[in-house]
């Protein structure tokens, strides 16, 4: 954080600006209409990975990023034509780290005269969609190594880049490292203008600037301040509330949302230029700034005993969790929380969630081992409804709350075990949301225009909208070019993005998947028509594997196909069967015997 203004430069490429004599590289921001998902990386749709992301964020990695950034001392920005050796080295290291921690998935560029670094982890949606961003500034004042100011912001961006790049998200995520913040927010001011000119839409930008000193007198939940712009709930406080929810549900309950008009440093950090450009931006800042004796001094080193890394990393985790939760959206489905936990004797748990539009809160639960008490509180901490049951629930889920709510803000479920034995809970919480406040429920619009769900450009019976979600090419009915149409692969549980499954044999019947498609068979059933004759045998013998022809007799040998299969004979060729000679042979022998007897009888009479 700077003394007067406060600026912030983005995480970008390892190249220096043209002013320094090195050509500026800008990654092409055009997104192909269809690109296959990264191999082996989970494609996120309708699954809430907020808890997983929260747990993946590492204090060790976070601290090591701060150590590395500060090992060469201070990093003042200087002037564009001479930004200083340590400043340039820091920029190049950040750009390299963004590509390294993401295994090359993050696109990196250096922007503006002050050479801010901006990294983009591309989302999988092939059309324009909003993005999320997190960042801090990499410059420092002359006298300070800048571990807290603002090594914490850079370490946050790098650690979240490491974790978030383990998944394939629907939306772009930007990671910023701004320069010349200490000189008046100069780097972030340039980047905010560039992104606005590019038409980049941000759902929210989390600016992180100094996290390591909590107020020793702060009330519970007040160790880190999450400052938000006053005004529309959806353009500010919602995003602060979401980090508080994550910290409470999964972490240390350390974050306190605070309105910008109650926060004296609101215009002094790198979120401010973005706010001025009309973006939703928040400012995560330590609550103990008044106690931060290392601020802008040589004592701002990573090993300062004043610094609390546990509190700092909880905020990083909460920001990552908030991003993951946001991108769990599913078209046509409500927001859903699956919550499982066990409460020991006299234990309780508070579970928070943020409501963004009038809706009905539904809670179903299965509890076992004993009784439970479940209460719903509103945004003013007033009890709305309560369920108390001294006995275990039925084995199936039981609806315990269906409550209409109107006010925006944080609601909480309070679950208590007042018994003398442990009680397990499996709870599902659902409600509808409208996080951008456009009066269209999130489940009705996903991240792009609804009209895509009424279009089918490749006439494959899968809407363009659904193809974007699946990752298939809405301009081709065979996205992976394996000769099996996308719709057939999806219908039969194959992967329309994996060409290797063409040679697969799911049902292990000797018929590869492409042949199953050619003959219109079921690739997951070795007897598609359930006529007791395997598909492979029918195909090899010229029968129809999708029509019950078990009683047919194409070779007219009086032997049905099913009997031919059981006998191991060819249903298209009438073989000479020994059993078929028994009747004629017996008849011939009988006639011959009669003839012989008659012949001898006649001769006897003559003689």
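In my numbering, the protein residues as written are 2 to 608. Every residue, glycine too, gets a C-beta built ideally from N, C-alpha and C. Quantities reported herein were computed from a predicted structural model and do not represent experimental measurements.
In the structure shown, the three-state DSSP call for residue 107 is coil.
Assignment of beta-bridge partners to residue 384 by DSSP yields 378. Sequence-distant Cβ neighbours of residue 238 in its own chain, meaning closer than 7 Å and more than five residues away, are 229 and 258. Rounded to whole angstroms, the separation of the alpha carbons of residue 164 and residue 501 is 29 Å. Under the three-state reduction of DSSP output, residue 258 falls in the strand class.
Looking at the backbone, the Cα of residue 469 and that of residue 173 are separated by about 14 Å. Within the stretch 423-510, the complete beta strand (DSSP E) segments at least 3 residues long are 424-432, listed from N- to C-terminus. Assignment of residue 573 by DSSP, reduced to helix, strand and coil, places it in the coil class.
In terms of Cβ geometry, residue 472 and residue 498 form a close pair [threshold 8 Å].
About 15 Å separates the Cβ atoms of residue 61 and residue 148, ruling out a contact at the 8 Å cut-off. Residue 306 counts as exposed, since fewer than 16 other beta carbons sit within 10 angstroms of its beta carbon. Looking only at 114, 318, 226 and 308, the smallest Cα-Cα distance to residue 162 is reached by 318. Within the DSSP bridge table, the entry for residue 352 names 414 as partners. In the DSSP assignment, residue 367 falls within the beta strand (DSSP E) that extends over 360-369.
Nearest in C-alpha terms to residue 347, of all of 383, 296, 424 and 327, is 424. Note on geometry: alpha-carbon atoms of residue 93 and residue 117 lie some 10 Å from one another. For the pair residue 364 and residue 428, the CB atoms are nearer than the 8 Å cut-off. In the same chain as residue 104, and ignoring 5 residues on each side of it, the C-beta atoms closer than 8 Å to its own belong to 166, in chain order.
Around the C-beta of residue 408, fewer than 16 other C-beta atoms lie within 10 Å, and the residue is accordingly described as exposed. A direct Cα-Cα distance of roughly 57 Å separates residue 49 from residue 555. If you draw a straight line from the Cα of residue 145 to the Cα of residue 119, it comes to about 24 Å.
Taking all protein chains shown into account, residue 569 has fewer than 16 neighbouring C-beta atoms within 10 Å of its C-beta and is therefore exposed. Taking the C-beta atoms as reference points, residue 434 is found nearer than 8 Å to residue 358. Looking at 136, 168 and 155, the one whose alpha-carbon comes closest to that of residue 44 is 168. With contacts defined as CB atoms closer than 8 Å, residue 534 and residue 513 fail to qualify as a contacting pair.
In the structure shown, the three-state DSSP call for residue 398 is coil. The beta-carbon distance between residue 208 and residue 284, rounded to whole angstroms, is 5 Å. This is short enough to meet the 8 Å contact definition. Annotation for residue 189: the continuous alpha helix (DSSP H) segment containing it runs 187-199. Between residue 344 and residue 402, the C-beta spacing is not below 8 Å. In the DSSP assignment, residue 164 falls within the alpha helix (DSSP H) that extends over 152-165. Taking C-beta separations shorter than 6 Å and ignoring five residues to either side along the sequence, the partners of residue 420 in its chain run 371 and 372, following chain order. Taking 8 Å as the cut-off, the beta carbon of residue 220 is found no closer than this to the beta carbon of residue 292.
Residues 144, 145 and 146 of the same chain have their beta carbon placed closer than 8 Å to that of residue 299, with the five preceding and five following residues left out of the count. Residue 335 and residue 460 have their alpha carbons spaced roughly 29 Å apart.
In the three-state reduction of the DSSP assignment, residue 75 falls in the coil class. Around the beta carbon of residue 113, a 10 Å sphere encloses 16 or more other beta carbons of the protein chains shown; the residue is thus reported as buried.
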